[in-house]
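Encoded as structure tokens, the structure appears first; notes follow it.
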Ligand SMILES: [Zn+2]
């Protein structure tokens, strides 16, 4: 959208055609007039099962993790700005141009050089580096695991203001104690997400896109 262009449906503009499903609050905000005349025919009220912002962004972090080649740990991260716009995603993997086939994925080996730890970028770092905005100041990061100290340094330097995580299973390990110490000193807040939705099921079969009443493909 060009700078200065009005936002879609703002300023009382009409929405073409009353066949377009319009939520009542959308119609009111747009000055669309009689919302009831243009309400969806199949439902009088908005859908109740939609994802919360927190569950949505955490789900995106999990979806991103599915891109990971790591056989033992798949982690994803999603960063959103203060207006809940997604500004980055990332997952754990080797640096760009470094072969997934040639570098080791082992956790234990005779030499540290034969383990993944020497080479892998954590999801948090990749998400920070992948940002599609000039600054992450004030942004929020969603990540399944509480960040390690190396990621905490990057998170702090990026300007991210809050970290939302699911698991803190390494809580007492030094790297995570250090991470909390850094976050506390830098004023980066962190909170453990208690999701409203325990599972998100995606059904990518073509026919599922238009299916309305089947329980599959919905939240459970
Ligand atoms: Zn890390």
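Residue numbers (full-length UniProt numbering): 1 to 220. Note that beta-carbon positions come from the ideal geometry of N, C-alpha and C, so glycine has one too.
Exercise. Which class does residue 148 belong to by DSSP, given the choice of helix, strand or coil?
Worked result: Reading the chain shown from its first residue, position 148 is the one you call residue 148. Of the three classes helix, strand and coil, the one that applies to residue 148 here is coil, per DSSP.
For this session: Pull up the distance between the alpha-carbon of residue 120 and that of residue 74, whole angstroms please.
Result: The count along the chain shown starts at 1 and reaches residue 120 at position 120. The count along the chain shown starts at 1 and reaches residue 74 at position 74. Taking the straight line from one Cα to the other gives about 12 Å.
Problem set entry | Residue burial classification, residue 118 (beta-carbon count within 10 angstroms, cutoff 16) | Counting from one through the chain shown, the residue named residue 118 turns up at place 118. By the C-beta density criterion, residue 118 is exposed, having fewer than 16 other C-beta atoms within 10 angstroms.
For this session: Please determine if the stretch 77–90 and the stretch 127–146 are in contact, where contact requires at least 3 C-beta pairs separated by less than 8 Å.
Result: Contact between the stretch 77–90 and the stretch 127–146 is present, because at least three Cβ pairs lie under 8 Å.
Exercise. What's the gap between the Cα of residue 159 and the Cα of residue 150?
Worked result: Along the chain shown, one-based indexing puts residue 159 at 159. Along the chain shown, one-based indexing puts residue 150 at 150. Those two C-alpha atoms are separated by around 15 Å.
Problem set entry | Complete alpha helix (DSSP H) runs within the stretch 107–166 (minimum length 4 residues, chain order) | Secondary structure remark: continuous alpha helix (DSSP H) runs of at least 4 residues inside the stretch 107–166, in chain order: 123–129, 149–158.
For this session: Put residue 91 into one of helix, strand or coil per three-state DSSP.
Result: As a position in the chain shown, residue 91 is number 91, starting the count at 1. In this structure, residue 91 counts as strand in the three-state DSSP scheme.
Problem set entry | Close beta carbons around residue 135, own chain, < 8 Å, minus the five adjacent residues each side | Counting from 1 along the chain shown, the entry for residue 135 is found at position 135. The beta carbon of residue 135 is closer than 8 Å to those of 159 in its chain, skipping five residues each way along the sequence.
For this session: Please state whether DSSP places residue 190 in a helix, a strand or coil.
Result: Locating residue 190 in the chain shown gives position 190, where the first residue counts as 1. Residue 190 falls in the strand class under three-state DSSP.
For this session: Can you tell me which of 206, 208, 199, 175 puts its alpha carbon nearest to the alpha carbon of residue 50?
Result: Your numbering for residue 50 matches position 50 in the chain shown. It is 199.
Exercise. Going along the chain, which unbroken runs of the alpha helix (DSSP H) with 4 or more residues stay wholly within the stretch 53–86?
Worked result: Listed in chain order, they are 53–65.
For this session: Give the straight-line distance between the Cα atoms of residue 182 and residue 153, rounded to the nearest whole angstrom.
Result: The residue you call residue 182 lines up with position 182 of the chain shown. The residue you call residue 153 lines up with position 153 of the chain shown. Annotation: residue 182 to residue 153 spans about 7 Å, alpha carbon to alpha carbon.
Exercise. Sorted by chain position, which residues of the same chain lie with C-beta nearer than 8 Å to residue 125's C-beta, five sequence neighbours on each side aside?
Worked result: The residue given as residue 125 occupies position 125 in the chain shown. If we look at residue 125 and ignore the five residues flanking it on each side, its Cβ neighbours are 90, 150, 151, 154.
Problem set entry | Residues whose Cβ lies closer than 7 Å to any heavy atom of ligand 1, in chain order | Those satisfying the condition are, in chain order, 122, 124, 125, 147, 148, 150, 151.
For this session: Could you tell me whether the stretch 95–103 touches the stretch 161–171, using the rule of 3 or more Cβ pairs below 8 Å?
Result: Flag = no, the stretch 95–103 and the stretch 161–171 do not touch.
Exercise. Would DSSP call residue 201 helix, strand or coil?
Worked result: Translated into the one-based positions of the chain shown, residue 201 becomes position 201. Assigned with DSSP and collapsed to three states, residue 201 falls in coil, not helix or strand.
Exercise. Can you tell me whether residue 147 is buried or exposed, with buried defined as 16 or more other CB within 10 angstroms of its CB?
Worked result: Within the chain shown, numbered from 1, the residue matching residue 147 stands at position 147. Residue burial is scored here from C-beta neighbours: residue 147 has at least 16 other C-beta atoms within 10 angstroms and is therefore classed as buried.
For this session: Whole angstroms is fine: what's the gap from residue 205's alpha carbon to residue 83's?
Result: On the chain shown, position 205 is the one that residue 205 refers to. On the chain shown, position 83 is the one that residue 83 refers to. Roughly 32 Å between the two C-alpha positions.
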